[in-house]
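Student:
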Amino acid sequence: MTTAELTPAEWAALDDVADFDEAIAAFDPVLGLEVHVELGTATKMFCSCATTFGAEPNTQVCPVCLALPGAMPVVNGTAVEYAIRIGLALNCSIAPWCRFARKNYFYPDMPKNFQTSQYDEPIAFDGYLDVPVGDEIVRVEIERAHMEEDTGKSTHIGGATGRIHGAEFSLLDYNRAGVPLVEIVSKPIVGTKASAPEVARAYVATLQDLVRSLGVSDVRMDQGSMRCDVNLSLTPAGNPVFGTRTETKNVNSLRSVERAARFEICRQASVLTAGGEIRQETRHFDELAGTTASGRVKETAEDYRYFPEPDLVPVAPSAQWVEQIRAALPELPWVRRERLQRDWGFTDLEMRDLTNARGVELVAQTVAAGAGAGDARSWWMSYLAQQANSAGVELSELAITPAQVAAVIGLVSSGSLTAALARKVVDGVLAGEGEPAEVVEKRGLAVVSDDSALQAAIDEALAAQPDVADKIRSGKVQAIGAIVGAVMKATRGQADAAKVRELTLKTIG
Amino acid sequence: MSLNEDLTRMSAVELAHAVQTGEASAVEVATAHLDRIAAVDGAVHAFLHVDREGALAQAAAVDAARAAGNPPASPLAGVPLALKDIVVQKGVPTTAASKILEGWIPPYDATITTKLKEAGIVILGKTNLDEFAMGSSTENSAYGPTGNPWDLTRIPGGSGGGSAAALAAFEAPLAIGTDTGGSIRQPAAVTGTVGAKPTYGGVSRYGLIALASSLDQAGPCARTVLDAALLHEAIAGHDPRDSTSIPEPVPAVVQAVRRGQGDGIKGMRIGVVTQLGGEGYQPGVLDSFRAAVAQLAALGAEIVEVSCPHFEYALAAYYLIQPSECSSNLARFDAMRYGLRVGDDGNHSAEEVMVATRGAGFGAEAKRRIMLGTYALSAGYYDAYYGSAQKVRTLIKRDFEGAFGAADVLISPTTPVTAFKIGEKVDDPMAMYLNDLATIPASLAGIPAMSVPSGLAADTSLPAGLQIMAPALGEQAMYRVAGAYEQARNAAAGFALLDRIAALPTAAVPTAAAGR
Ligand SMILES: [Zn+2]
Numbered sequence: 030m031t032t033a034e035l036t037p038a039e040w041a042a043l044d045d046v047a048d049f050d051e052a053i054a055a056f057d058p059v060l061g062l063e064v065h066v067e068l069g070t071a072t073k074m075f076c077s078c079a080t081t082f083g084a085e086p087n088t089q090v091c092p093v094c095l096a097l098p099g100a101m102p103v104v105n106g107t108a109v110e111y112a113i114r115i116g117l118a119l120n121c122s123i124a125p126w127c128r129f130a131r132k133n134y135f136y137p138d139m140p141k142n143f144q145t146s147q148y149d150e151p152i153a154f155d156g157y158l159d160v161p162v163g164d165e166i167v168r169v170e171i172e173r174a175h176m177e178e179d180t181g182k183s184t185h186i187g188g189a190t191g192r193i194h195g196a197e198f199s200l201l202d203y204n205r206a207g208v209p210l211v212e213i214v215s216k217p218i219v220g221t222k223a224s225a226p227e228v229a230r231a232y233v234a235t236l237q238d239l240v241r242s243l244g245v246s247d248v249r250m251d252q253g254s255m256r257c258d259v260n261l262s263l264t265p266a267g268n269p270v271f272g273t274r275t276e277t278k279n280v281n282s283l284r285s286v287e288r289a290a291r292f293e294i295c296r297q298a299s300v301l302t303a304g305g306e307i308r309q310e311t312r313h314f315d316e317l318a319g320t321t322a323s324g325r326v327k328e329t330a331e332d333y334r335y336f337p338e339p340d341l342v343p344v345a346p347s348a349q350w351v352e353q354i355r356a357a358l359p360e361l362p363w364v365r366r367e368r369l370q371r372d373w374g375f376t377d378l379e380m381r382d383l384t385n386a387r388g389v390e391l392v393a394q395t396v397a398a399g400a401g402a403g404d405a406r407s408w409w410m411s412y413l414a415q416q417a418n419s420a421g422v423e424l425s426e427l428a429i430t431p432a433q434v435a436a437v438i439g440l441v442s443s444g445s446l447t448a449a450l451a452r453k454v455v456d457g458v459l460a461g462e463g464e465p466a467e468v469v470e471k472r473g474l475a476v477v478s479d480d481s482a483l484q485a486a487i488d489e490a491l492a493a494q495p496d497v498a499d500k501i502r503s504g505k506v507q508a509i510g511a512i513v514g515a516v517m518k519a520t521r522g523q524a525d526a527a528k529v530r531e532l533t534l535k536t537i538g
Numbered sequence: 121m122s123l124n125e126d127l128t129r130m131s132a133v134e135l136a137h138a139v140q141t142g143e144a145s146a147v148e149v150a151t152a153h154l155d156r157i158a159a160v161d162g163a164v165h166a167f168l169h170v171d172r173e174g175a176l177a178q179a180a181a182v183d184a185a186r187a188a189g190n191p192p193a194s195p196l197a198g199v200p201l202a203l204k205d206i207v208v209q210k211g212v213p214t215t216a217a218s219k220i221l222e223g224w225i226p227p228y229d230a231t232i233t234t235k236l237k238e239a240g241i242v243i244l245g246k247t248n249l250d251e252f253a254m255g256s257s258t259e260n261s262a263y264g265p266t267g268n269p270w271d272l273t274r275i276p277g278g279s280g281g282g283s284a285a286a287l288a289a290f291e292a293p294l295a296i297g298t299d300t301g302g303s304i305r306q307p308a309a310v311t312g313t314v315g316a317k318p319t320y321g322g323v324s325r326y327g328l329i330a331l332a333s334s335l336d337q338a339g340p341c342a343r344t345v346l347d348a349a350l351l352h353e354a355i356a357g358h359d360p361r362d363s364t365s366i367p368e369p370v371p372a373v374v375q376a377v378r379r380g381q382g383d384g385i386k387g388m389r390i391g392v393v394t395q396l397g398g399e400g401y402q403p404g405v406l407d408s409f410r411a412a413v414a415q416l417a418a419l420g421a422e423i424v425e426v427s428c429p430h431f432e433y434a435l436a437a438y439y440l441i442q443p444s445e446c447s448s449n450l451a452r453f454d455a456m457r458y459g460l461r462v463g464d465d466g467n468h469s470a471e472e473v474m475v476a477t478r479g480a481g482f483g484a485e486a487k488r489r490i491m492l493g494t495y496a497l498s499a500g501y502y503d504a505y506y507g508s509a510q511k512v513r514t515l516i517k518r519d520f521e522g523a524f525g526a527a528d529v530l531i532s533p534t535t536p537v538t539a540f541k542i543g544e545k546v547d548d549p550m551a552m553y554l555n556d557l558a559t560i561p562a563s564l565a566g567i568p569a570m571s572v573p574s575g576l577a578a579d580t581s582l583p584a585g586l587q588i589m590a591p592a593l594g595e596q597a598m599y600r601v602a603g604a605y606e607q608a609r610n611a612a613a614g615f616a617l618l619d620r621i622a623a624l625p626t627a628a629v630p631t632a633a634a635g636r
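Just so you know, the sequences run in chain order A and B. The working numbering numbers the first residue of the first sequence as 30 and each following residue consecutively. The working numbering numbers the first residue of the second sequence as 121 and each following residue consecutively.
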């Protein structure tokens with residue numbers, strides 16, 4: 030939704046959103062976060078269709094996920110295992126017996142016109158996640174983590190908004206229909222005051238970090254494999270009774286989580302301060318404007334008519350299986366980071382920067398590919414970080430692998446590349462020109478280490494500038510810079526300056 | 121009587137034998153039945169679609185396999201069958217007797233369909249039913265009612281009226297039915313045929329268009345108990361594509377029938393359920409039932425009376441659970457991906473097209489049950505309706521557990537009345553629902569139950585049925601009693617019930633119609 034279609038009331042709300050500090054002085058924010066994680070199983074929740082992201086529309090479908098008459102679901106055991114992994118990592122209890130339910134509502138991108146989801150019997154419940162916020166740890170209580178299936182995807186063509194109302198026609202892609210999801214619901218987070226937006230962001234970031242380490246999802250917010258709804262209400266400072274909450278959807282980056290929470294705090298404060306009432310509603314986050322806007326107002330509350338899914342038998346993970354899964358859980362990411370920091374000898378600041386840049390795993394893999402930890406960190410955190418920054422992508426999204434970075438580092442340490450040449454090799458890899466060795470070859474970037482070629486260039490430079498040789502002989506060694514410069518120019522920068530210097534001095538005698 | 125007509129009068133066992141010995145080819149057997157359909161189905165209207173070409177191709181494959189010296193694919197190889205049009209068959213129109221699926225060609229086979237094909241059973245076509253199997257008379261079909269071959273002005277039962285009528289009209293020796301609250305057993309009873317509802321989960325539901333998922337169960341229909349047992353074994357078994365299917369071996373029901381016919385049932389305890397009889401039951405039906413009880417006692421069974429006090433609430437519970445699940449199961453018929461689409465003229469939204477399509481595509485009974493179910497599941501009503509109904513279901517299961525402590529099988533009349541006139545009860549849903557009074561408890565409990573002809577009711581001269589119920593996975597006891605009873609009743613009467621059915625009016629040109 031763009032600001033162009035805001036209602037007058039929305040405009041008004043935008044005009045006089047309260048100042049954040051004033052809002053916090055008058056009200057206590059109460060946060061609630063609902064995070065959907067798309068599981069990285071090879072097949073869908075209830076059928077054997079593939080789940081590959083970005084496939085041609087409607088190529089990953091079958092009678093079950095298209096809801097053809099007569100087709101029936103069967104639960105994907107791997108998805109259950111992944112959900113249990115998430116539950117255990119969130120310190121939840123795992124239900125020994127639970128069922129799926131049908132959430133009934135009509136929508137064209139939902140083939141059965143009900144979503145198979147867990148309702149009052151989640152697979153995991155009553156856990157917590159310790160979230161580092163600055164130097165503090167905030168414990169966020171987890172209400173539940175339950176399994177459900179994704180819907181298909183509608184693309185609305187025509188009309189001004191790209192939404193279903195006003196569209197000329199809609200295209201439906203059912204590839205995503207039935208992809209397994211786990212929804213993680215926090216309990217209300219209270220007492221965070223001015224840090225509420227930061228806590229919201231840190232919670233989602235920590236959750237993302239955790240789930241990624243479990244190997245159950247790629248948790249890409251940009252691709253929708255991790256999606257977040259921010260629930261927020263305000264209560265007059267010191268009042269223990271929660272206010273009416275809004276649910277902001279479409280919050281698709283960590284930064285947006287923080288901005289959405291912040292905007293809602295300000296917006297709600299201004300409404301309440303002016304004597305207004307907060308409507309319990311769904312709001313949409315506008316990435317560009319950094320604001321939230323009211324969704325379609327429903328005249329009646331949606332009644333989903335939940336009932337236990339009769340086509341599926343209950344999910345009953347044995348205690349033994351749950352313990353096996355628990356025993357096989359990977360090291361928690363923050364524990365792993367402490368260990369790596371010790372191994373690598375990084376300072377706290379270096380490690381924090383690396384973590385914030387989401388470079389820990391990249392460095393770990395670069396080290397595993399044979400590079401020194403210091404070199405790996407400096408490549409990822411300086412030159413590669415600049416490239417990622419200017420391309421507006423994450424480090425991990427750069428078109429270079431840790432193994433390739435390690436190869437470049439290896440070429441520098443062996444003297445085959447200078448630092449400057451190495452950057453050019455990296456540029457080549459990023460530009461899709463192949464492996465580092467191939468880029469060196471194609472771009473002709475190897476250090477000129479052939480002494481005879483260098484000698485010829487030096488002789489030529491000395492002949493061209495006879496006075497320089499005299500100056501050097503008379504003790505003005507710094508004059509050698511002119512010769513080195515000329516040789517570097519002649520070799521198009523591919524000579525090792527130290528070597529040129531050494532050879533020049535030798536030549537002059 | 122022509123050779124063709126002889127073939128249509130034979131049992132499945134006899135036909136399979138004829139094909140195996142080369143007395144008749146599978147193509148001859150299929151042709152005889154297709155010709156019979158062409159001759160009489162104009163009057164009976166048991167079929168919604170006749171797949172003459174497909175059936176003959178399947179039959180030819182059976183003959184080719186035999187010619188190649190291969191052993192028969194199953195004990196029923198080469199025997200024709202009528203498939204209820206709620207079971208999907210790849211490439212053959214499947215409508216569930218609803219306008220909303222008119223013209224839909226399934227791209228896949230139900231597990232039952234696959235098993236039938238693999239067994240060399242020749243599928244003649246798709247039979248009529250109440251729309252989405254909602255009804256007890258087949259009058260709710262969007263494509264017109266089916267006549268009962270005993271009296272074409274009467275209903276053949278429902279929802280599987282087409283399958284039962286096809287058997288009684290000698291259009292097919294075998295048929296597939298589906299039973300949610302009695303849709304196999306009640307049509308069997310009123311047409312003088314045999315129909316068995318297996319234990320819930322005994323036969324895969326994959327590819328069976330769902331009415332009420334927790335109740336639906338497909339099963340065999342035939343003219344004899346042995347034929348039903350053979351078909352039962354052909355279609356039963358665990359299916360990984362149906363999560364509710366039971367991972368247990370198929371009960372040896374053919375052996376059980378032979379045991380009943382050979383060793384009898386001496387010493388078996390047979391329970392008569394007090395609550396399934398008396399008020400609301402037609403005197404002729406009760407007389408027929410009493411005669412059956414006497415016959416079973418004469419066979420040496422120990423007859424005990426058992427009480428199932430919660431059966432009183434079964435009908436009410438059923439009419440909450442079934443519409444609730446139905447309202448959700450039928451939600452997928454929304455014009456988006458298949459079937460009817462109404463109002464897609466560029467001026468209406470997807471939501472409006474959905475509403476218009478569902479309005480035009482569903483019949484009155486479907487709409488009634490969708491509304492009932494939507495209401496029963498609504499917030500604020502769920503506990504009082506759906507929740508209470510599930511509690512009743514548990515109580516009924518306990519009643520059965522108690523009863524099966526005292527008896528090996530339970531018996532009752534299958535239906536309270538014999539076949540009524542077409543149109544007689546269409547405006548009175550409650551009267552219609554009462555037809556399932558005796559069959560619903562077994563459906564709610566998920567236990568196996570079947571109907572076997574118990575002769576003609578003296579007051580209407582129309583068939584009545586004996587219902588035999590057994591504990592979950594107790595099909596062997598059920599079939600053993602059914603086999604023994606059928607044999608004894610036929611022996612006492614001197615003929616099988618269907619031998620005395622009147623001839624049907626036949627069309628002039630028997631081989632003309634290829635399908636419709
Ligand atoms: Zn699928």
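Cβ coordinates follow ideal geometry from the N, Cα and C atoms, glycine included.
Any residue with its C-beta under 6 angstroms from a non-hydrogen atom of ligand 1 counts. Can you list them all in chain order?
Tutor: Those residues, listed in chain order, are A/K73, A/C76, A/C78, A/V90, A/C91, A/V93, A/C94 and A/G207.
Student: Could you give the first and the last residue of the continuous beta strand (DSSP E) run that contains A/N260?
Tutor: Position 231 of the first sequence, counted from the start, is the residue given in the question as residue 260 of chain A. M255 to P265 is the span of the beta strand (DSSP E), which, as asked, contains A/N260.
Student: For B/D250 versus B/E485, is the C-beta distance shorter than 8 angstroms?
Tutor: Along the second sequence, read from residue 1 onward, the residue named residue 250 of chain B stands at position 130. Along the second sequence, read from residue 1 onward, the residue named residue 485 of chain B stands at position 365. Closer than 8 angstroms, so yes.
Student: Is B/S508 helix, strand or coil when you go by DSSP?
Tutor: Sequence index remark: in the second sequence, residue 508 of chain B carries index 388 (1-based). Helix, per DSSP.
Student: Do three or more CB pairs link the stretch 334-344 of chain A to the stretch 102-113 of chain A at distances below 8 angstroms?
Tutor: Contact holds: three or more Cβ-Cβ distances are below 8 angstroms.
Student: Assign B/G500 to one of two classes, buried (16 or more other C-beta atoms within 10 Å of its C-beta) or exposed (fewer than that).
Tutor: Mapped onto the second sequence, residue 500 of chain B falls at position 380. Exposed, by the Cβ-count rule.
Student: Does DSSP put A/K73 in a helix, a strand or coil?
Tutor: Here residue 73 of chain A corresponds to residue number 44 of the first sequence, with the count starting at 1. Coil at A/K73, not helix or strand.
Student: Let me check one thing: in DSSP terms, what residues is A/L210 bridge-paired to?
Tutor: For this step, residue 210 of chain A is matched to residue 181 along the first sequence. According to DSSP, A/L210 bridges with A/E67 and A/E177.
Student: Roughly how many angstroms separate the alpha carbons of A/L534 and A/Q507, rounded to a whole number?
Tutor: Taking the first residue of the first sequence as position 1, residue 534 of chain A is located at position 505. Taking the first residue of the first sequence as position 1, residue 507 of chain A is located at position 478. Taking the straight line from one Cα to the other gives about 11 angstroms.
Student: Would a C-beta distance cut-off of 8 angstroms place A/I438 and A/A400 closer than the cut-off?
Tutor: One-based indexing of the first sequence puts residue 438 of chain A at position 409. One-based indexing of the first sequence puts residue 400 of chain A at position 371. Yes; because the gap between Cβ atoms is below 8 angstroms, this pair is in contact.
Student: Between the alpha carbons of A/P58 and A/D50, how many angstroms are there, rounded?
Tutor: The count along the first sequence starts at 1 and reaches residue 58 of chain A at position 29. The count along the first sequence starts at 1 and reaches residue 50 of chain A at position 21. If I take the Cα positions, the gap works out to 12 angstroms.
Student: Please determine if the stretch 374-392 of chain B and the stretch 545-559 of chain B are in contact, where contact requires at least 3 C-beta pairs separated by less than 8 angstroms.
Tutor: Because the criterion of three Cβ pairs below 8 angstroms is not met, the stretch 374-392 of chain B and the stretch 545-559 of chain B do not touch.
Student: How long is the line joining the alpha carbons of A/E178 and B/T266, rounded to whole angstroms?
Tutor: For this step, residue 178 of chain A is matched to residue 149 along the first sequence. For this step, residue 266 of chain B is matched to residue 146 along the second sequence. About 42 angstroms.
Student: Please state whether DSSP places B/G245 in a helix, a strand or coil.
Tutor: To locate residue 245 of chain B, count along the second sequence from 1; it is residue 125. If DSSP states are grouped into helix, strand and coil, B/G245 belongs with the strands.
Student: Which of the residues in the stretch 86-112 of chain A, read from start to end, lie with their CB under 9 angstroms from any CB of chain B?
Tutor: If the cut-off is 9 angstroms between Cβ atoms, the stretch 86-112 of chain A has C91, P92, V93, L95, A96, L97, P98, G99, A100, M101, P102, V103 and V104 near chain B.
Student: Touch check for the stretch 209-218 of chain B and the stretch 339-350 of chain B: three-plus C-beta pairs under 8 angstroms?
Tutor: No, they do not touch.
Student: Going by the CB atoms, is the gap between B/T247 and B/F167 shorter than 8 angstroms?
Tutor: Here residue 167 of chain B is taken as the residue at index 47 of the second sequence, counted from 1. Here residue 247 of chain B is taken as the residue at index 127 of the second sequence, counted from 1. Their beta carbons are under 8 angstroms apart, which means B/F167 touches B/T247 by this criterion.
Student: Let's test the definition: count the other Cβ atoms within 10 Å of the Cβ of B/Q209 and tell me whether it reaches 16, buried, or not, exposed.
Tutor: Residue mapping note: residue 209 of chain B aligns to position 89 of the second sequence, counting from 1. Burial call: buried.
Student: Sorted by chain position, which residues of the same chain lie with C-beta nearer than 6 angstroms to A/D258's C-beta, five sequence neighbours on each side aside?
Tutor: The count along the first sequence starts at 1 and reaches residue 258 of chain A at position 229. These residues qualify, in order along the chain: E63, E276 and K278.
Student: Out of curiosity, what's the CA-to-CA distance linking B/A584 and B/G198?
Tutor: Start at 1 with the first residue of the second sequence, and residue 584 of chain B comes out as number 464. Start at 1 with the first residue of the second sequence, and residue 198 of chain B comes out as number 78. In a straight line, the C-alpha of B/A584 is about 31 angstroms away from that of B/G198.
Student: Could you check the C-alpha separation between A/Y203 and A/F75 for me, to the nearest Å?
Tutor: The residue labelled residue 203 of chain A in the question sits at position 174 within the first sequence. The residue labelled residue 75 of chain A in the question sits at position 46 within the first sequence. If I take the Cα positions, the gap works out to 14 angstroms.
Student: Comparing C-alpha positions only, which one of B/V207, B/A177 and B/T364 sits nearest to B/G566?
Tutor: As a first step, residue 566 of chain B is located in the second sequence; it is residue number 446 there, counting from the start. Looking at the Cα atoms, B/T364 is the closest of the given residues.
Student: Using a Cβ-Cβ cut-off of less than 9 angstroms, give me the residues of the stretch 183-208 of chain B that come near chain A, in sequence order.
Tutor: Taking 9 angstroms as the Cβ-Cβ cut-off against chain A, the residues of the stretch 183-208 of chain B that qualify are I206, V207 and V208.
Student: Please tell me whether A/R274 has its Cβ less than 8 angstroms away from any Cβ of chain B.
Tutor: To locate residue 274 of chain A, count along the first sequence from 1; it is residue 245. A/R274 does not count as touching chain B.
Student: Would you say B/I329 faces chain A, with C-beta separation under 8 angstroms as the test?
Tutor: Position 209 of the second sequence, counted from the first residue, corresponds to residue 329 of chain B. It does: the Cβ of B/I329 has a partner Cβ on chain A nearer than 8 angstroms.
Student: Can you give the Cα-Cα distance for B/T631 and B/A152, rounded to whole angstroms?
Tutor: Locating residue 631 of chain B in the second sequence gives position 511, counting from the first residue. Locating residue 152 of chain B in the second sequence gives position 32, counting from the first residue. Only weak support exists for where B/T631 lies, its pLDDT of 48 falling under 50; the value from the coordinates is given anyway. Roughly 9 angstroms between the two C-alpha positions.
Student: Give the straight-line distance between the Cα atoms of A/I537 and A/A397, rounded to the nearest whole angstrom.
Tutor: Indexing the first sequence from 1 puts residue 537 of chain A at position 508. Indexing the first sequence from 1 puts residue 397 of chain A at position 368. If you take the alpha carbons of A/I537 and A/A397, they lie about 46 angstroms apart.
Student: Name, please, each residue of chain B whose Cβ falls closer than 7 angstroms to the Cβ of A/F49.
Tutor: The residue given as residue 49 of chain A occupies position 20 in the first sequence. None at all; the shortest Cβ gap to chain B is about 38 angstroms.
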